[in-house]
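Contents: one structure, followed by commentary.
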Amino acid sequence: MSGRTGTLLEVDDLRVTFPTRTGLVEAVRGVSFSLGRERLGIVGESGSGKSQTGRAIMGLTPPQARISANKLTFDGIDLLGVSARERRALRGNRIAMILQDPKYSLDPVMSIGRQIVETLRTHEKVSKAEARERALAMLEAVQIRDPKRVFDLHPHEVSGGMGQRAMIAMMLIAGPEMMIADEPTSALDVTVQLDVLGILDRLVAERGMGLIFISHDLRLVSSFCDRVIVMYAGKVVEQLKASELGQAQHPYTRGLINCMPKIGADRHPLPVLDRKPEWAA
Amino acid sequence: MTSAIAVDRLEVIFDRFRALKGVSLEVEPGESFGLVGESGSGKSTLLRAIAGLAPVASGSIAVNGKMLGVRRDKAFYRDVQMVFQDPYGSLHPRQTIDRLLQEPLAIHGFADGEKRIERALDEVGLGNGFRFRYAHQLSGGQRQRVAIARALILEPSILLLDEPTSALDASVQAEVLNLLEEVRRRRKLTFLMVSHDLAIITHMCERLMVMQGGEAVENLTASDLVERRVTKDYTRNLLRASEGFVRTA
Ligand SMILES: Nc1ncnc2c1ncn2[C@@H]1O[C@H](COP(=O)(O)OP(=O)(O)OP(=O)(O)O)[C@@H](O)[C@H]1O
Ligand SMILES: Nc1ncnc2c1ncn2[C@@H]1O[C@H](COP(=O)(O)OP(=O)(O)OP(=O)(O)O)[C@@H](O)[C@H]1O
Ligand SMILES: [Mg+2]
Ligand SMILES: [Mg+2]
Chain X
311 MSGRTGTLLE VDDLRVTFPT RTGLVEAVRG VSFSLGRERL GIVGESGSGK SQTGRAIMGL
371 TPPQARISAN KLTFDGIDLL GVSARERRAL RGNRIAMILQ DPKYSLDPVM SIGRQIVETL
431 RTHEKVSKAE ARERALAMLE AVQIRDPKRV FDLHPHEVSG GMGQRAMIAM MLIAGPEMMI
491 ADEPTSALDV TVQLDVLGIL DRLVAERGMG LIFISHDLRL VSSFCDRVIV MYAGKVVEQL
551 KASELGQAQH PYTRGLINCM PKIGADRHPL PVLDRKPEWA A
Chain C
60 MTSAIAVDRL EVIFDRFRAL KGVSLEVEPG ESFGLVGESG SGKSTLLRAI AGLAPVASGS
120 IAVNGKMLGV RRDKAFYRDV QMVFQDPYGS LHPRQTIDRL LQEPLAIHGF ADGEKRIERA
180 LDEVGLGNGF RFRYAHQLSG GQRQRVAIAR ALILEPSILL LDEPTSALDA SVQAEVLNLL
240 EEVRRRRKLT FLMVSHDLAI ITHMCERLMV MQGGEAVENL TASDLVERRV TKDYTRNLLR
300 ASEGFVRTA
């Protein structure tokens, strides 16, 4: 195990390419960064490769894609070198990802509660009764109002935000050392959003978890994360301290901040990005 | 004037769970009306009930003055379109964008499909290059733009928008919001729009309703919200939480 302050994840020149009918899609084009026991935000526009970066780290890249890196290591383990079995074991225990599409990634024919219980029981030898108690406690921790009712519901019977929190509960119950959270709060109302962030925040502060927080909500990222990576067209265009997001240098980052609606600002139409070809170079 | 949407004391019950407990709402033609509130408070259920997709136990819904029964006819679905919260669930992943856009056109017997598809894709900022891709090959934001294109392609008069931009980054969100405002102005559309982002609601809507636990908490104008003329604690909490994360040491 690495120390509490050490680097958990190292990514150097990560590339993910999809062959499609209309040619190659280079989703990730040489991304490099490292992660310690901190909150690292990844922001960037739709299609810039944030999710595919997270999926590559998790080993969840679709099979037809080509993936390469100079270095892709978690706690010193070469992720591209290990067997599929070891990769799965890591994914189950030490690394977790909250996927952007909660309903799509929950099993539609199994109740929410059973999915959480089964996740817990594949990681820890606990009795059925204890697993149920812990699953209910976890649902309560993510601010599900009526955990007993929701425990027995199927994914299509819960609201968008409830599905998202069920997914979060399922990922947290395994107690991972590194968590990739892909838009984990985008379907939550703002008060619940802050509660969920509070949970993630404590896991980083108290348990030393490393967190990659993928989000398009720059306001949230700047108030929640330690550092931010800004992606554009599959590349990292800027890395900076989250608190300094307001003073970003790259015109793309500044443009992103500027086009958010603000309460009380009357701007119709909203400013939009004037994308420059050189940003993608 | 006849309301575009008039919902009166609507109750929706799933098994024994009351998801909507007598909610009433009126939206004028051409108006943009916002719904905000707690997760699980019934916002999507309200939209789905109007679209005929939720079990209404009692109360009534009228659209353009016409009282709706249990069944919705074809004309209804031409006039009222819904953009769902979840761009993953709402588009069949193994269908090409072209097929997804053809479908509503075929159902409603449009002849000029080709032109409409090109225009719709163009309108939402997706080039023709996307036309023969599969939904599962698109990013979240790209899918949501397809979903909006599909809603617009039949030229409805009412759009029910369930978190239409929560899957989108700030730049695409701005583009989609501008797009929605522009088509609303151009085609005199009526919007009923859910968002948990108060800034989006004040930007897009003239009036809004705050919901909690299947009930309306309060009705406000956008300027009430901007100037913080709110009366309920829950709404105050929402406003405070909108300012971002505060680390408690
Ligand atoms: N299976 C696939 N086949 C072809 N291209 C794909 C596939 N999956 C993703 N892509 C493409 O890869 C690019 C990056 O996608 P990714 O999902 O990482 O974007 P993102 O930054 O997460 O966007 P969003 O904010 O919209 O979720 C996009 O252009 C997308 O269309
Ligand atoms: N098919 C169903 N069966 C049982 N309960 C359901 C079903 N659909 C919705 N519900 C319940 O109705 C309530 C309201 O759900 P709804 O999706 O309307 O919430 P919402 O306000 O849209 O929340 P969010 O902001 O999280 O999307 C929830 O408690 C949910 O569990
Ligand atoms: Mg994504
Ligand atoms: Mg909803």
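Protein sequences, first through last, are from chains X and C.
Under this note's numbering, residues 311 to 591 are what the first sequence spells out, in order.
Under this note's numbering, residues 60 to 308 are what the second sequence spells out, in order.
Quick reminder that beta carbons are idealized off the backbone N, C-alpha and C, glycines included.
Small disclaimer: the values here were computed from a predicted structure and weren't measured.
Contact test: residue i Cβ vs ligand 4 heavy atom, cutoff 8 angstroms
{"i": "Gln144(C)", "result": "yes"}
{"i": "Ser469(X)", "result": "yes"}
{"i": "Asp256(C)", "result": "no"}
{"i": "Val253(C)", "result": "yes"}
{"i": "Ser103(C)", "result": "yes"}
{"i": "Ala275(C)", "result": "no"}
{"i": "Ala78(C)", "result": "no"}
{"i": "Glu222(C)", "result": "yes"}
Near ligand 1: residue i beta-carbon under 8 angstroms from a heavy atom
{"i": "Asp462(X)", "result": "no"}
{"i": "Ala379(X)", "result": "no"}
{"i": "Gln201(C)", "result": "yes"}
{"i": "Glu355(X)", "result": "yes"}
{"i": "Pro215(C)", "result": "no"}
{"i": "Val335(X)", "result": "yes"}
{"i": "Lys343(X)", "result": "Here the sequence assigns Phe to residue 343(X), which means Lys is not the residue at that position. No; taking the cut-off as 8 angstroms, the Cβ of Phe343(X) has no heavy atom of ligand 1 nearer than that."}
{"i": "Pro114(C)", "result": "no"}
{"i": "Leu227(C)", "result": "yes"}
{"i": "Arg192(C)", "result": "yes"}
Per DSSP, the bridge partner or partners of residue i
{"i": "Lys435(X)", "result": "DSSP output for Lys435(X) lists no bridge partner at all."}
{"i": "Phe328(X)", "result": "Val335(X)"}
{"i": "Lys80(C)", "result": "Glu70(C)"}
{"i": "Tyr193(C)", "result": "Thr155(C)"}
{"i": "Lys87(C)", "result": "It should be noted that the sequence gives Glu, not Lys, for residue 87(C). According to DSSP, which records beta bridges pairwise, Glu87(C) is partnered with nothing at all."}
{"i": "Met268(C)", "result": "Leu94(C), Asn278(C)"}
{"i": "Lys458(X)", "result": "Answer is none; Lys458(X) lacks a bridge partner."}
{"i": "Thr249(C)", "result": "Ile217(C)"}
Residue i beta carbon near ligand 3 (any heavy atom closer than 8 angstroms)
{"i": "Glu493(X)", "result": "yes"}
{"i": "Ile524(X)", "result": "yes"}
{"i": "Ile410(X)", "result": "Before going on, a small fix: residue 410(X) reads as Gln here, not Ile. Yes, ligand 3 has a heavy atom inside 8 angstroms of this Cβ."}
{"i": "Lys572(X)", "result": "no"}
{"i": "Ser415(X)", "result": "no"}
{"i": "Ser310(C)", "result": "For chain C, the structure presents residues 60 to 308; residue 310(C) sits outside this window and is missing."}
{"i": "Lys360(X)", "result": "yes"}
Integer Cβ distance of residue i from residue j, believed to fall under 8 angstroms
{"i": "Thr429(X)", "j": "Ala484(X)", "result": "6 angstroms"}
{"i": "Gln203(C)", "j": "Ala179(C)", "result": "Contact flag wrong, Cβ pair sits at about 14 angstroms."}
{"i": "Phe343(X)", "j": "Val321(X)", "result": "5 angstroms"}
{"i": "Leu318(X)", "j": "Gly346(X)", "result": "6 angstroms"}
{"i": "Thr501(X)", "j": "Asn296(C)", "result": "5 angstroms"}
{"i": "Leu84(C)", "j": "Met268(C)", "result": "6 angstroms"}
{"i": "Leu298(C)", "j": "Val289(C)", "result": "7 angstroms"}
{"i": "Val506(X)", "j": "Ile524(X)", "result": "Their Cβ separation, rounded to whole angstroms, is 14 angstroms, which puts Val506(X) and Ile524(X) out of contact at 8 angstroms."}
Proximity of residue i and residue j at Cβ, strictly below 9 angstroms
{"i": "Gln503(X)", "j": "His255(C)", "result": "yes"}
{"i": "Arg115(C)", "j": "Ala108(C)", "result": "Correcting the residue identity first, residue 115(C) is Val in this sequence and not Arg. Result yes, Cβ atoms of Val115(C) and Ala108(C) sit closer than 9 angstroms."}
{"i": "Ser51(C)", "j": "Thr249(C)", "result": "Nothing about residue 51(C) can be read from this structure; chain C reaches only from 60 to 308."}
{"i": "Met368(X)", "j": "Ile426(X)", "result": "no"}
{"i": "Leu284(C)", "j": "Ile260(C)", "result": "yes"}
{"i": "Val86(C)", "j": "Ile64(C)", "result": "yes"}
{"i": "Leu79(C)", "j": "Gly96(C)", "result": "no"}
{"i": "Arg175(C)", "j": "Leu164(C)", "result": "yes"}
{"i": "Arg209(C)", "j": "Thr155(C)", "result": "no"}
{"i": "Pro88(C)", "j": "Ser198(C)", "result": "no"}
{"i": "Arg424(X)", "j": "Ile454(X)", "result": "no"}
{"i": "Asp536(X)", "j": "Arg404(X)", "result": "no"}
{"i": "Ser532(X)", "j": "Ala552(X)", "result": "yes"}
Near ligand 2: residue i beta-carbon under 8 angstroms from a heavy atom
{"i": "Glu588(X)", "result": "no"}
{"i": "Val92(C)", "result": "Going by the sequence as given, residue 92(C) is Phe instead of Val. It does not: the Cβ of Phe92(C) is nowhere closer than 8 angstroms to a heavy atom of ligand 2."}
{"i": "Asp157(C)", "result": "no"}
{"i": "Glu97(C)", "result": "yes"}
{"i": "Phe73(C)", "result": "yes"}
{"i": "Met519(X)", "result": "no"}
{"i": "Met477(X)", "result": "no"}
{"i": "Met270(C)", "result": "yes"}
{"i": "Met283(X)", "result": "Since the first residue of chain X shown is 311 and the last is 591, residue 283(X) is not available in this structure."}
Residue i CB to nearest heavy atom of ligand 6 below 8 angstroms
{"i": "Ala497(X)", "result": "Absent from the structure shown: ligand 6. Ligands present: ligand 1, ligand 2, ligand 3 and ligand 4."}
- Task: Would you list, in chain order, the members of the segment 342 to 361 of chain X that have their beta-carbon closer than 9 angstroms to a beta-carbon of chain C?
- Result: Val353, Gly354, Glu355, Ser356, Gly357, Ser358, Gly359, Lys360, Ser361
- Query: Name the residues in the segment 534 to 550 of chain X whose C-beta lies less than 8 angstroms from a C-beta of chain C; which are they?
  - Reply: Phe534
- Task: Could you list the residues in the segment 78 to 104 of chain C with a C-beta less than 7 angstroms from some C-beta on chain X, going in chain order?
- Result: Gly96, Glu97, Ser98, Gly99, Ser103
- Can you list, in chain order, the residues of the segment 266 to 282 of chain C whose Cβ is nearer than 7 angstroms to any Cβ on chain X? none
- Interface positions of the segment 236 to 262 of chain C facing chain X (Cβ-Cβ less than 7 angstroms), listed along the chain: Leu236, Asn237, Glu240, His255, Leu257, Ala258, Ile259, Thr261, His262
- Task: Determine which residues of the segment 318 to 344 of chain X have a Cβ less than 8 angstroms from any Cβ of chain C, and write them out in chain order.
- Result: Phe328, Thr330, Arg331, Thr332, Val335
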